Every structure is written in C-alpha cells, then in structure tokens.
C-alpha cells in the first residue's frame with residue numbers, strides 16, 4: 073500500500089501532502105515511524121507534541137511531530153541549492169482522532185512549483201521518495 077496524496081485545491085498536478093492512515097495504535101504508529109526513520113539512515117532530532125509551546129495549559133498527547141535529518145544528504149543538497157533548507161528539518165506529523173491514526177508530511181515536490189531552480193527538481197523528488205519509503209516502512 074502506498075502513501076496517499078492530498079491534491080491541492082487548484083488544478084495543479086503535484087499533491088500538496090503525503091497522508092497515510094495507520095493500521096496501528098497512536099503509540100504503535102509513533103514507534104514504528106521512529107524506527108523507520110532510524111532504519112532509513114536518518115537521525116531523529118526531536119519528538120514533540122503538535123501544540124508544544126502554545127499557551128494552552130494542556131497538550132494533546134495524540135498529536136506528535138517527529139523531526140529528523142540526514143546531515144550528509146542535507147549538506148549535498150544545500151550545496152546544489154540553498155533553498156533546499158526550506159524543507160528542514162524533515163518532519164512527519166502523527167494525529168489520532170478516535171480510533172483513526174494518520175501520518176502526514178509535506179510533499180517536497182510542491183516546492184518545485186515556486187522554484188525556478190532545476191537543481192531542486194531531482195533533490196525534491198528524491199526527498200519525496202524518502203518520505204514515502206519511511207511512511208510505507210513504518211505503517212505496513
């Protein structure tokens with residue numbers, strides 16, 4: 073099963089986000105995606121509640137963001153085009169509503185729509201592929 077893609081509201085052909093339903097519990101999904109990130113040669117930088125830092129007195133423990141990076145990959149990409157930094161750090165958001173758990177992330181290929189750099193096209197396609205592989209490994 074492949075990651076679902078959310079189409080933008082306009083008639084553009086590049087999906088704005090990669091979204092996948094998880095067959096696992098919220099905790100299982102976070103754990104599986106954490107393992108998939110590490111298994112894909114990335115460093116897990118931070119795990120935080122989605123609403124961390126907001127003035128609310130309570131945090132929602134069923135909305136989490138995983139931040140991660142592969143510094144060698146990023147270094148090579150930024151040498152080609154420093155605008156690649158707009159995608160950093162890489163992140164996947166996991167949200168649970170009732171019994172439904174979803175994992176989602178931006179589709180880096182959408183950056184090509186606002187960029188005039190041919191160097192970013194290949195990098196963003198590889199980054200989108202990396203996100204799909206991590207989602208697929210972590211959720212199936």
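Residue numbers (this note's numbering): 73 to 212. In this text, a Cβ means the ideal position worked out from N, Cα and C, and glycines have one as well. Note that the structure is a prediction, hence the values are computed from the model and not measured.
So, is residue i buried or exposed, given that buried needs 16 or more other C-beta atoms within 10 angstroms?
i: residue 166; result: buried
i: residue 104; result: buried
i: residue 94; result: buried
i: residue 197; result: exposed
i: residue 98; result: buried
Once the 5 residues before and after residue i are set aside, which same chain residues still bring their CB inside 7 angstroms of it?
i: residue 110; result: 116
i: residue 161; result: 117, 139, 140, 141
i: residue 150; result: 156, 157
Report all residues from its chain with a CB closer than 8 angstroms to the CB of residue i; omit the five preceding and five following residues, and keep chain order.
i: residue 200; result: 90, 179, 180, 181
i: residue 113; result: 142
To which residues of the same chain is residue i closer than 6 angstroms at the C-beta, ignoring the five residues directly before and after it?
i: residue 133; result: none
i: residue 108; result: 206, 209, 210
Which two residues bound the contiguous beta strand (DSSP E) that contains residue i?
i: residue 98; result: Premise fails: residue 98 lies in the alpha helix (DSSP H), 98 to 111, not in any beta strand (DSSP E).
i: residue 173; result: 172 to 178
i: residue 135; result: 135 to 141
The alpha helix (DSSP H) with residue i in it runs from where to where?
i: residue 205; result: 190 to 211
i: residue 114; result: Where residue 114 is concerned, there is no enclosing alpha helix (DSSP H), given that its DSSP letter is neither H nor E.
For residue i, which of helix, strand or coil comes out of DSSP?
i: residue 91; result: strand
i: residue 159; result: helix
i: residue 167; result: strand
Report yes or no: is there a C-beta of chain B within less than 7 angstroms of the C-beta of residue i?
i: residue 171; result: Going by chain labels, chain B is absent from the structure shown, which holds only one protein chain.
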